[in-house]
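A.B. asks:
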Amino acid sequence: MIPKETVDQIVDAAKIEEVVGDFVSLKRKGGSFWACCPFHNEKSPSFHVVPARGIYKCFGCGKAGNAIGFLMDYERLSYTEALKYLADKYHIEVREKEETAEEIAARQKDESLHLVSDFALKFFCGQLSSGEGRAIGYQYFRSRGLLDQTIEEYGLGWAPSGKNAFTEAALKEGYKKEYLVETGLSSQWEDGSVHDRFYERVIFPIHSVSGRVIAFGGRTLKSGDEAKKIGKYVNSKESEIYIKNKALYAIHKAKNEINKQDKAILVEGYLDVLSMHQLGVRNVVASCGTSLTEEQVKLIKRFTDNVTVIYDGDSAGIHATLRAINLILKEGMNVKAVLLPDGEDPDSYAQTHTLEEVKAYIASHEVDFVEFKAQQQLDPIGDDPLQRANLINDVADTIALIPDGVKRAVYVEATARRFRVDEDLLFERIGRTREKLVFEQQRDRRREEREEEHEPARRPSATAVPRKKDPLVNDELLAPSEEELLTFILTDGTESLSFEVDSEFYDPEGSQSVAEFIDTALSGDGIVFSNDAYRRTYDAYFALYDKGLAQDQIVRELMSGEDREVADVTARCSVPKYELTVKNFTSALTAKESWLVIYVPRAILAYHVKRLQQRQEVLTRELSGAGIGRQLEIMAELGKLNSLMKRINVKLGRIRKE
Ligand SMILES: [Zn+2]
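What follows is the structure, given as structure tokens:
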């Protein structure tokens, strides 16, 4: 927890154009900046950064927020991580409140493990510039086609052969033995002496999403039996900062490109990633030193729902591809696979082809899993009926993993066409498989719950229980009107509305603010917003409004809060769209006040009409199934709704008075 005062201090210090400018090149135009949007692909800039308001907003895709929001969206940092990033950038000391002694110790330990890892990175990199490291390690990387720039950028290195070089250097620099062992960079022998875990190997550092080095992979250059004896690859052991099945190689370099292209390419090895990145295909990651895990798939899912798997074309590679396909589908993501020409891997292919050729090959050879399985197995099998049945059942079982029913139906259709089988047969098989899956899931969950009962809860659950939604409420119908009202509140909420004496809204007690006027109108009819994010934003606004904060302060608070949805809605709705769209029109009116007087009541009335429509829909649906008595009641209410809507529409000028 970062104390409120510190959050304020950070938000005050953060300059939106500087924070965004670190990642996106901005062009100044008057008092604000423009760029091509980093969140969607576009040729002409619609991404707007407004220093005066401390926000960015894209008129293309609608992304908006302040400095914290930008870091959360673009760098995928958590709220706290974003605040810490800014604190670091603007040299603000963050003292987290109410840390227990245990938490302090854990944080300091984490930091120590990071520092040891940072030192190791420098040490291994440094080895490449002279002696054995230069002659063997550096030469190896060059022989694999890696350029100096790549070697440097990805922190590649060499662990010397002496078995003690790193440990001695680290101890001499004052790093504690305990942390060297904890990170697994050194191992303690039974006699108490400490030695290097990595020696006589080239080193590939592994980074966290935010780019801190957390582990290392070492590859021996020996071959044959000798390599087998010592292990071709050695990885760091797991520690507080490195959880093997949650790390992806090069995710820190690939994440933005994955985000932008809305697609990740998954390969197997370090060199596959490096060669592809070097060529310019930069949305590529690898599971490092483990076969792909559910956690790694979830990490990719933070950036995209689309994954293309490109593993080796040998039987081990194909087996791994099929496994990856299942894991990815299970997370509700879309998966494709590419088979490279015989004997090639992504590394060799990238080293011997141009960027255009690689892109074209992927584009023309990526197939969905149905086609991939068909290609893999039909060719050697031919038309043997039993084998064919096995394959079709296997495809059906894979489809059964997909959580979304509509997607399943689409794949069933494709499969039926591809294998000339009846869709019903496929659905039947899928239905049975899903029953089994659901049963297994429930069993696992029950088991977990039982285990948790015996363990005290370690941390309070962060996810609040979502409010149950009324299934009859049509969010799509109401949300645009709710957004319009929120826009008035968030742009001009504290402006006062003074109506003419002969206006039906005239209030002899004095003028009301825009926010109060809207709130009075809605709460008078017992209306709350149907859209969850809008309702939370509305409630949060009025909580601050009631404290007497100024409009700017309220907006700032809402944008800097932890509820990302509220911050997002606020950023989006606090840029007055009327300034852009109604500018010419409003210039005819003398002041903003005077058009608010017209448009705020209209927006409320329009929202009322929508709610009445909503009620109409519900009643109409009920009508056909209702008994005769109820039918009469419904008809009567529908009649009333009709005349009410007509009256409001007349006020809105939508229909002429009869
Ligand atoms: Zn955009």
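Quick note: the sequence shown uses our numbering, first residue 1402, plus one each step.
From the three backbone atoms N, C-alpha and C, an ideal C-beta is built for every residue, glycine too.
Verify whether the separation of the beta carbon atoms of A1751 and S1676 is less than 7 Å.
C.D. replies: Taking 7 Å as the Cβ cut-off, A1751 and S1676 qualify as a contacting pair.
A.B. asks: Is A1465 helix, strand or coil by DSSP?
C.D. replies: Reduced to three states, the DSSP call for A1465 is strand.
A.B. asks: Does the beta-carbon distance from A1571 to L1557 come in below 7 Å?
C.D. replies: The answer is no: Cβ separation not under 7 Å.
A.B. asks: For ligand 2, which residues count as neighbours when the test is a C-beta closer than 5 Å to any heavy atom?
C.D. replies: Absence of ligand 2 from the depicted structure is noted, with ligand 1 being the only ligands included.
A.B. asks: Have a look at M1402 and T1481 and give me their C-alpha separation to the nearest angstrom.
C.D. replies: So the two alpha carbons sit approximately 8 Å from each other.
A.B. asks: Taking the C-alpha atoms as reference points, what is the distance between E1849 and E1841?
C.D. replies: Taking the straight line joining both Cα atoms gives about 12 Å.
A.B. asks: Taking Cβ positions, are N1727 and L1802 nearer each other than 7 Å?
C.D. replies: Yes; because the gap between Cβ atoms is below 7 Å, this pair is in contact.
A.B. asks: Go ahead and pull the three-state DSSP assignment for R1477.
C.D. replies: Here R1477 sits in coil by DSSP.
A.B. asks: Is DSSP giving K1623 helix, strand or coil here?
C.D. replies: DSSP places K1623 in coil when its eight states are reduced to three.
A.B. asks: With C-beta atoms as the reference, is L2006 less than 7 Å away from I1955?
C.D. replies: No. Outside cutoff.
A.B. asks: Measuring CB atoms only, is the stretch 2017 to 2024 touching the stretch 1888 to 1897, in the sense that at least three cross pairs come out at less than 8 Å?
C.D. replies: Cβ pair count under 8 Å is below three, so no.
A.B. asks: Under DSSP, the beta strand (DSSP E) around S1688 begins and ends at which residues?
C.D. replies: Note, S1688: beta strand (DSSP E), 1685 to 1688.
A.B. asks: Please classify D1969: is it buried, with 16 or more other beta-carbons within 10 angstroms of its beta-carbon, or exposed?
C.D. replies: Counting Cβ neighbours within 10 Å, D1969 comes out buried, since at least 16 surround it.
A.B. asks: Under 8 Å: do the stretch 1712 to 1727 and the stretch 1748 to 1762 share three or more Cβ pairs, one atom per stretch?
C.D. replies: Too few Cβ pairs lie closer than 8 Å, so no.
A.B. asks: Give me the DSSP bridge partner(s) of N1932.
C.D. replies: Partner(s): none; N1932 has no beta bridge.
A.B. asks: Ignore the nearest five residues each way along the sequence and tell me which others in R2145's own chain have a CB closer than 6 Å to its CB.
C.D. replies: Since the first and last residues shown for the chain are 1402 and 2059, residue 2145 lies out of range.
A.B. asks: To which residues does DSSP link Q1913 through a beta bridge?
C.D. replies: Looking at the DSSP assignment, Q1913 forms a beta bridge with L1898.
A.B. asks: Spell out a yes or no on whether the stretch 1655 to 1674 and the stretch 1521 to 1539 are touching, meaning 3 or more CB-CB pairs, one atom from each, closer than 8 Å.
C.D. replies: Cβ pair count under 8 Å is below three, so no.
A.B. asks: Look up D1673 in the DSSP assignment and give the residues it is bridged to.
C.D. replies: Beta-bridge pairing links D1673 to no other residue.
A.B. asks: Which of helix, strand or coil does DSSP assign to K2047?
C.D. replies: Correct three-state label for K2047: helix.
A.B. asks: Would you decide whether M2036 is buried or exposed? Buried here means 16 or more other CB atoms lie within 10 Å of its CB.
C.D. replies: The residue in question, M2036, is exposed, as its Cβ has fewer than 16 Cβ neighbours within 10 Å.
A.B. asks: Within its chain, find whatever has a CB closer than 8 Å to the CB of L1478; leave out the 5 residues flanking it on each side and keep chain order.
C.D. replies: Excluding positions up to five away in sequence, the list reads L1472, Y1486, S1611.
A.B. asks: Helix, strand or coil for R1602 per DSSP?
C.D. replies: R1602 falls in the strand class under three-state DSSP.
A.B. asks: Any Cβ of chain B within less than 7 Å of the Cβ of F1520?
C.D. replies: Among the chains of the structure shown, chain B does not appear; only one protein chain is present.
A.B. asks: Counting C-beta neighbours from all protein chains within 10 Å, is the total for K1458 16 or more, i.e. buried, or is it exposed?
C.D. replies: Buried, by the Cβ-count rule.
A.B. asks: Taking 7 Å as the limit between beta carbons, can you name the residues of its chain near N1646, skipping five residues before and five after?
C.D. replies: For N1646, where only same-chain residues beyond five positions count, the Cβ hits under 7 Å are T1691, T1694, E1696, Q1697.
A.B. asks: Using C-beta distances below 7 Å, list every residue in its chain close to V1771, excluding the 5 sequence neighbours before and after it, in chain order.
C.D. replies: Once the five neighbours on either side are set aside, the close Cβ partners of V1771 are V1796, Y1812, A1815, T1816, R1819.
A.B. asks: Would D1713 pass as a contact of D1746 if the rule is Cβ separation under 7 Å?
C.D. replies: For D1713 and D1746, yes; Cβs fall inside 7 Å.
A.B. asks: Enumerate in chain order the residues of its own chain whose CB-to-CB distance from V1739 is below 8 Å, with the five nearest sequence positions on each side excluded.
C.D. replies: T1709, V1710, I1711, Y1762, I1763, H1766, E1767, V1768.
A.B. asks: For a quick check, are the C-beta atoms of R1613 and H1515 less than 7 Å apart?
C.D. replies: Yes, the pair counts as a contact, with Cβ atoms nearer than the cut-off.
A.B. asks: For R1703, I'd like the list of residues in its chain whose CB is within less than 6 Å of its CB, leaving aside the five on either flank, ordered along the chain.
C.D. replies: Cβ within range, chain order: R1477.
A.B. asks: By the DSSP assignment, the alpha helix (DSSP H) with H1754 in it spans what residues?
C.D. replies: First-last for H1754: undefined, no H or E at that position.
A.B. asks: Going along the chain, which unbroken runs of the beta strand (DSSP E) with 3 or more residues stay wholly within the stretch 1698 to 1730?
C.D. replies: Within the stretch 1698 to 1730, the complete beta strand (DSSP E) runs of at least 3 residues are 1707 to 1710.
A.B. asks: For Q1589, write down the residues that DSSP places opposite it in a beta bridge.
C.D. replies: DSSP output for Q1589 lists V1595 as bridge partner(s).
A.B. asks: With three or more beta-carbon pairs closer than 8 Å as the criterion, would you say the stretch 1635 to 1646 touches the stretch 1539 to 1555?
C.D. replies: No: fewer than three Cβ pairs fall under 8 Å.
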